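Trainee: So that we are looking at the same thing, I have put the structure below in structure tokens.
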Amino acid sequence: MNPTRTPVADGGQRGTSSWTREQAERIERRGDNVAPIIYPPENDPFPELHIWDTWFLRTRDGSLADLNGWRVAVSLTAPAELLPGKRHDVATLRYFYSADGKEWHRGGRVFEESEAFGSRQWAGSALYDDGDLYFYYTASGQKGEEELTYQQRLAVGHGGSVVADDEGVEFSGPFEHEILLTPDGDYYETEDQSRGMIYTFRDPWFFEDPETGKTHLLFEGNTPVPEGSDACGGDAAQQEFNGCIGLATSESGDPTDWEMQPPLVEGVCVNQELERPHVVVRDGQYYLFTPSHEHTFAPGLHGFDALYGFVADELEGEYRPLNDSGLVLANPANAPFQAYSWLAFRHREEILVHSFFNYYDLRGRSLDDVADLPESEQQRRFGGNFAPTVRLGVDGDETWVRGVLDYGHIPTEDEELEDPFEPERERPTGGY
Ligand code: FRU
3 MNPTRTPVAD GGQRGTSSWT REQAERIERR GDNVAPIIYP PENDPFPELH IWDTWFLRTR
63 DGSLADLNGW RVAVSLTAPA ELLPGKRHDV ATLRYFYSAD GKEWHRGGRV FEESEAFGSR
123 QWAGSALYDD GDLYFYYTAS GQKGEEELTY QQRLAVGHGG SVVADDEGVE FSGPFEHEIL
183 LTPDGDYYET EDQSRGMIYT FRDPWFFEDP ETGKTHLLFE GNTPVPEGSD ACGGDAAQQE
243 FNGCIGLATS ESGDPTDWEM QPPLVEGVCV NQELERPHVV VRDGQYYLFT PSHEHTFAPG
303 LHGFDALYGF VADELEGEYR PLNDSGLVLA NPANAPFQAY SWLAFRHREE ILVHSFFNYY
363 DLRGRSLDDV ADLPESEQQR RFGGNFAPTV RLGVDGDETW VRGVLDYGHI PTEDEELEDP
423 FEPERERPTG GY
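Take the position in the sequence shown, starting the count at 1, then add 2; the result is the number in the numbering used here.
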């Protein structure tokens, strides 16, 4: 990696690690990094909704919150009548709850209509801190705007209350909303500075470091690359691909008080969108995951709609790409858009990966070609619900697919999983 070291106040060093083109050139599907094919579930539990990016209500230590026996998922949702491609324009946070992690029940909207910032709300995370609720989200556009804009700010709704009883879980507002961070134009590109195809400053993800006790917020951003810069050997087309994984820290631990830090990882000259970044700590190693798209790789690189990842000895890095290339979990070649927005989490010593069932049966079409299909076909070929959970094997800097669970199955703490269907691979050090 190419860390750019910057001195920090406590006298230490911290840097931004780079995902390099050389590493990304090694991306390839292999027998052990491709998810099994997904077929439409026999029963869609929520046929009235499109459901996509999802996260769980967690406590400070990262474990899933237990609300009187219920665990809670928050998802971006839209009415199922809407063309799936239009769903981002009206995205609304709704919650779901489950006692066994298999059967999910529909809760309501997280926020009252028009309560939150933005004309719509995009992905975030959710913290249950000793009884206090913090729903982080991306405020996209401006409330009440006539034409959609793509300004993005990191926001939170906190306060409110929750009742969790035998009947289920109910959150009630009003929540107090705050804008937490806007791009500074130095570490993180503003919309005006953007030269790329897609602009990002979104997806706040709360993380408390178990080793240091420090409180952080990770997010998706872009690194400013001014015109005429010598980045990417001066190649202007490659420079437009400048995704990064952002970091902010709360010195006091207050989950609403953040100070911007340099990015953890930059994908300049590699990829434009390092989406929904999140960390899973296992065996003292920091596994940093990020979903990304085939079409957001810079010219000359060939990636997939897949989960990518990096690993480091400390949260601040230096990060090494997992599996030498960064590729962790790809959609199959014959169903290249079947899932997206992967979210890795711990179940005991395992790492499991949730995602949503995206487009299937596209027969060679790209995501961009979907809009040319008749509307009924766009609807038919969009899953819009929880995908089967994937089990990852992990050993140091290597990962592999070792099995799959049911659609949206999020095992409870005491649930023993069966032996994976795929035989354990030969590993030099016999990892899990
Ligand atoms: C990933 C994503 C997120 C964003 C959301 C909007 O699927 O691009 O980064 O918050 O979709 O729908």
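A virtual CB, placed ideally from N, CA and C, is assigned to each residue, including glycine. Predicted, not measured: the structure shown is a model, and the values here were computed from it.
Would you mind stating whether residue 220 and residue 183 have Cβ atoms separated by less than 9 Å?
Mentor: For this step, residue 220 is matched to residue 218 along the sequence shown. For this step, residue 183 is matched to residue 181 along the sequence shown. Against a cut-off of 9 Å, the Cβ pair of residue 183 and residue 220 comes out as no contact.
Trainee: So, with DSSP's three-state summary, where would you put residue 257?
Mentor: The sequence position of residue 257 within the sequence shown is 255, counting from 1. Of the three classes helix, strand and coil, the one that applies to residue 257 here is coil, per DSSP.
Trainee: Nearest to residue 282 by alpha carbon, out of 266, 317, 257?
Mentor: On the sequence shown, position 280 is the one that residue 282 refers to. Checked all of 266, 317, 257; the closest Cα to residue 282 is 317.
Trainee: Contact defined as beta carbons within less than 8 Å: I believe residue 305 pairs with residue 312. What is the distance between those atoms, to the nearest angstrom?
Mentor: Here the question's residue 305 lines up with position 303 in the sequence shown. Here the question's residue 312 lines up with position 310 in the sequence shown. About 15 Å separates the two Cβ atoms, so there is no contact after all.
Trainee: To the nearest whole angstrom, what separates the beta carbons of residue 212 and residue 63, a pair I think is in contact under 8 Å?
Mentor: Start at 1 with the first residue of the sequence shown, and residue 212 comes out as number 210. Start at 1 with the first residue of the sequence shown, and residue 63 comes out as number 61. Confirmed, about 7 Å.
Trainee: Between residue 114 and ligand 1, is there a pair consisting of the residue's CB and a ligand heavy atom that are separated by less than 8 Å?
Mentor: By 1-based counting over the sequence shown, the position of residue 114 is 112. No; taking the cut-off as 8 Å, the Cβ of residue 114 has no heavy atom of ligand 1 nearer than that.
Trainee: Please determine whether the Cβ atom of residue 185 lies at a distance below 8 Å from any heavy atom of ligand 1.
Mentor: Stepping through the sequence shown from its first residue, residue 185 is reached at position 183. No - ligand 1 has no heavy atom lying nearer than 8 Å to the Cβ of residue 185.
Trainee: Can you list, in chain order, the residues of its chain with a C-beta nearer than 6 Å to that of residue 414? Leave out the 5 residues immediately preceding and following it.
Mentor: The residue you call residue 414 lines up with position 412 of the sequence shown. Correct list, in chain order: 103.
Trainee: Let's see if you can read the secondary structure: which residues bound the alpha helix (DSSP H) around residue 381?
Mentor: Position 379 of the sequence shown, counting from 1, holds the residue named residue 381. Taken as a continuous stretch (DSSP letters only), the alpha helix (DSSP H) holding residue 381 covers 377-382.
Trainee: If I follow the unbroken beta strand (DSSP E) through residue 400, where does it start and stop?
Mentor: As a first step, residue 400 is located in the sequence shown; it is residue number 398 there, counting from the start. Run containing residue 400: 400-409, per the beta strand (DSSP E) assignment.
Trainee: Mapping DSSP to helix, strand and coil, what is residue 240?
Mentor: Translated into the one-based positions of the sequence shown, residue 240 becomes position 238. Here residue 240 sits in helix by DSSP.
Trainee: Counting pairs of Cβ atoms below 8 Å between the stretch 385-394 and the stretch 327-347, do you hit three or more?
Mentor: Contact between the stretch 385-394 and the stretch 327-347 is present, because at least three Cβ pairs lie under 8 Å.
Trainee: If you pair each beta-carbon of the stretch 120-127 with each one of the stretch 182-197, do three or more pairs fall below 8 Å?
Mentor: Counting Cβ pairs under 8 Å, fewer than three are found: no touch.
Trainee: Residue 161 by DSSP, collapsed to three states: which one?
Mentor: As a working note, residue 161 is residue 159 in the sequence shown. If DSSP states are grouped into helix, strand and coil, residue 161 belongs with the strands.
Trainee: What does residue 293 pair with, by DSSP beta-bridge criteria?
Mentor: Translated into positions along the sequence shown, residue 293 becomes position 291. Answer by DSSP bridge pairing, in chain order: 309.
Trainee: Could you spell out where the alpha helix (DSSP H) holding residue 123 opens and where it closes?
Mentor: Position 121 of the sequence shown holds residue 123. Premise fails: residue 123 lies in the beta strand (DSSP E), 122-131, not in any alpha helix (DSSP H).
Trainee: According to the Cβ coordinates, are residue 310 and residue 106 closer than 9 Å?
Mentor: Looking up residue 310 in the sequence shown gives position 308. Looking up residue 106 in the sequence shown gives position 104. Result no, Cβ atoms of residue 310 and residue 106 do not sit closer than 9 Å.
Trainee: Okay, do the stretch 199-214 and the stretch 127-136 touch, 3+ Cβ pairs below 8 Å being the bar?
Mentor: Taking 8 Å as the limit for Cβ pairs, the verdict is that the stretch 127-136 does touch the stretch 199-214.
Trainee: May I ask which residues mark the beginning and end of the alpha helix (DSSP H) holding residue 24?
Mentor: Walking along the sequence shown from the start, residue 24 turns up at place 22. Here the alpha helix (DSSP H) through residue 24 covers 23-26.
Trainee: Could you check the C-alpha separation between residue 77 and residue 116 for me, to the nearest Å?
Mentor: Taking the sequence shown and counting its residues from 1, one reaches residue 77 at position 75. Taking the sequence shown and counting its residues from 1, one reaches residue 116 at position 114. Using only the alpha carbons, I get a separation of about 18 Å.
Trainee: Looking at residue 90 and ligand 1, is the gap between the Cβ and the nearest heavy atom below 8 Å?
Mentor: Locating residue 90 in the sequence shown gives position 88, counting from the first residue. Yes - ligand 1 has a heavy atom lying nearer than 8 Å to the Cβ of residue 90.
Trainee: In this structure, does DSSP put residue 280 in helix, strand or coil?
Mentor: Residue 280 sits at position 278 when you count from the first residue of the sequence shown. Note: residue 280 maps to strand in three-state DSSP.
Trainee: What does the Cβ neighbour count give for residue 258, buried or exposed, with the cut at 16 atoms within 10 Å?
Mentor: By 1-based counting over the sequence shown, the position of residue 258 is 256. It counts as exposed.
Trainee: Taking 8 Å as the cut-off, does the stretch 172-179 touch the stretch 221-228 (at least 3 CB pairs, one atom from each stretch)?
Mentor: Touching, no.
Trainee: Alpha carbon to alpha carbon, what distance is there between residue 346 and residue 355?
Mentor: If you number the sequence shown from 1, residue 355 lands on position 353. If you number the sequence shown from 1, residue 346 lands on position 344. Cα to Cα, residue 355 sits roughly 4 Å from residue 346.
Trainee: Could you pull out every unbroken beta strand (DSSP E) segment of at least 3 residues lying fully inside the stretch 51-133, listed in chain order?
Mentor: Fully enclosed beta strand (DSSP E) runs of 3 or longer: 51-60, 73-81, 94-100, 107-111, 122-131.
Trainee: Using a threshold of 8 Å, is the CB atom of residue 190 nearer than that to any non-hydrogen atom of ligand 1?
Mentor: Position 188 of the sequence shown, counted from the start, is the residue given in the question as residue 190. It does not: the Cβ of residue 190 is nowhere closer than 8 Å to a heavy atom of ligand 1.
Trainee: Pick from 154, 390, 160: whose alpha carbon is nearest that of residue 130?
Mentor: By one-based count along the sequence shown, residue 130 stands at place 128. Answer by Cα proximity: 160.
Trainee: In the DSSP output, what is residue 224 paired with across the bridge?
Mentor: Position 222 of the sequence shown, counted from the start, is the residue given in the question as residue 224. According to DSSP, which records beta bridges pairwise, residue 224 is partnered with 245.
Trainee: Kindly give me the distance between the Cβ atoms of residue 108 and residue 48, rounded to whole angstroms, as I take these residues to be in contact under 8 Å.
Mentor: Along the sequence shown, read from residue 1 onward, the residue named residue 108 stands at position 106. Along the sequence shown, read from residue 1 onward, the residue named residue 48 stands at position 46. Residue 108 to residue 48, Cβ: 6 Å. Contact.
Trainee: Put residue 326 into one of helix, strand or coil per three-state DSSP.
Mentor: Looking up residue 326 in the sequence shown gives position 324. Residue 326 falls in the helix class under three-state DSSP.
Trainee: What would DSSP say about residue 13, mapped onto helix, strand or coil?
Mentor: One-based indexing of the sequence shown puts residue 13 at position 11. Because the pLDDT of residue 13 is 38, which lies under 50, any placement of that residue in the model is unreliable, and the number read from its coordinates should be weighed accordingly. It is coil, neither helix nor strand.
Trainee: For residue 416, which residues in the same chain have their Cβ closer than 7 Å to its Cβ, ignoring the five residues on either side in sequence?
Mentor: As a position in the sequence shown, residue 416 is number 414, starting the count at 1. Cβ neighbours of residue 416 beyond the five flanking positions: none.
Trainee: When you measure from the CB of residue 326 to every non-hydrogen atom of ligand 1, does any distance come out below 8 Å?
Mentor: Taking the sequence shown and counting its residues from 1, one reaches residue 326 at position 324. Every heavy atom of ligand 1 is 8 Å or more from the Cβ of residue 326, so no.
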